[in-house]
Amino acid sequence: MSKIIVDKIIELTEQIKKNGHDVNGTKELTGVCVSGIEVSKMNLVEEENNVRNYYSSLGINTQAIRSLEHNLYEFIYRGLRQAVEQTLYFDKTQDYTSRRFIFSTTDCISHVQILYRPEQASLFMYIRSTDVIKLFPWDMLFACKLLNRVLLESGFPESKKRCVAIMVGSAHFYLNPAAMY
1 MSKIIVDKII ELTEQIKKNG HDVNGTKELT GVCVSGIEVS KMNLVEEENN
51 VRNYYSSLGI NTQAIRSLEH NLYEFIYRGL RQAVEQTLYF DKTQDYTSRR
101 FIFSTTDCIS HVQILYRPEQ ASLFMYIRST DVIKLFPWDM LFACKLLNRV
151 LLESGFPESK KRCVAIMVGS AHFYLNPAAM Y
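Numbering (the numbering used here), first residue to last: 1 to 181.
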């Protein structure tokens, strides 16, 4: 059974415990990169179930977190898809290999970009700040689903390999969390 996302969360949490700094009631690492997430080899339904089980094991209400993040995820999806469609429609010098498929916001997930090449489609995400325990598992799952969804719904040619890389400015967890939702 594949637990790519949960394994990366556990590994990152341990890195923060070992090497992080105490900042504003959190334990934090800055400049964290999570790369090499090969979406084309993942079963996303299984990954989502593993994320739900991870949350349950910590006593976190999965539905509460999904409700909090759902609108942001839809906003980012629509913005990125619009960037793709506008670029392809208005700039006839661009094709699916354009470097212009970008969406930015001031939210925690600040920037996403898709780079398509026939051998590999990649999604790059910059997250300004994330709670590694409560939010980052959903954010990672969202990034994987976002890549698949935009490629499919915007008509990209098939790509054998699909990968996600995520850069996090502040990866942290709370030292004394008030509640786990």
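Just so it is clear, CB atoms sit at the ideal spot from N, CA and C, and this is done for glycine as well. Owing to the predicted nature of the structure, the values given are computational and were not obtained by experimental measurement.
Asked: Assuming V168 and L146 are in contact, meaning their beta carbons sit under 8 Å apart, how far apart are those beta carbons, in whole angstroms?; Found: With a Cβ gap of about 16 Å, V168 and L146 do not count as contacting.
Asked: Please determine if the segment 147-163 and the segment 37-47 are in contact, where contact requires at least 3 C-beta pairs separated by less than 8 Å.; Found: yes
Asked: Which full runs of the beta strand (DSSP E) of 3+ residues lie inside the segment 20-104, going along the chain?; Found: 21-23, 26-38 and 102-104
Asked: Give me the Cβ distance between A165 and S122, rounded to the nearest whole Å; I'm assuming they're in contact under 8 Å.; Found: 7 Å
Asked: Determine the burial state of N50: buried for a count of at least 16 other Cβ atoms within 10 Å of its Cβ, exposed for fewer.; Found: buried
Asked: Hey, I114 and L80 are a contact pair by Cβ (cut 8 Å); roughly how many whole angstroms apart?; Found: 7 Å
Asked: Among all the DSSP beta bridges, which residues are the ones paired with S129?; Found: S170
Asked: F103 to F156, Cα distance in whole Å?; Found: 17 Å
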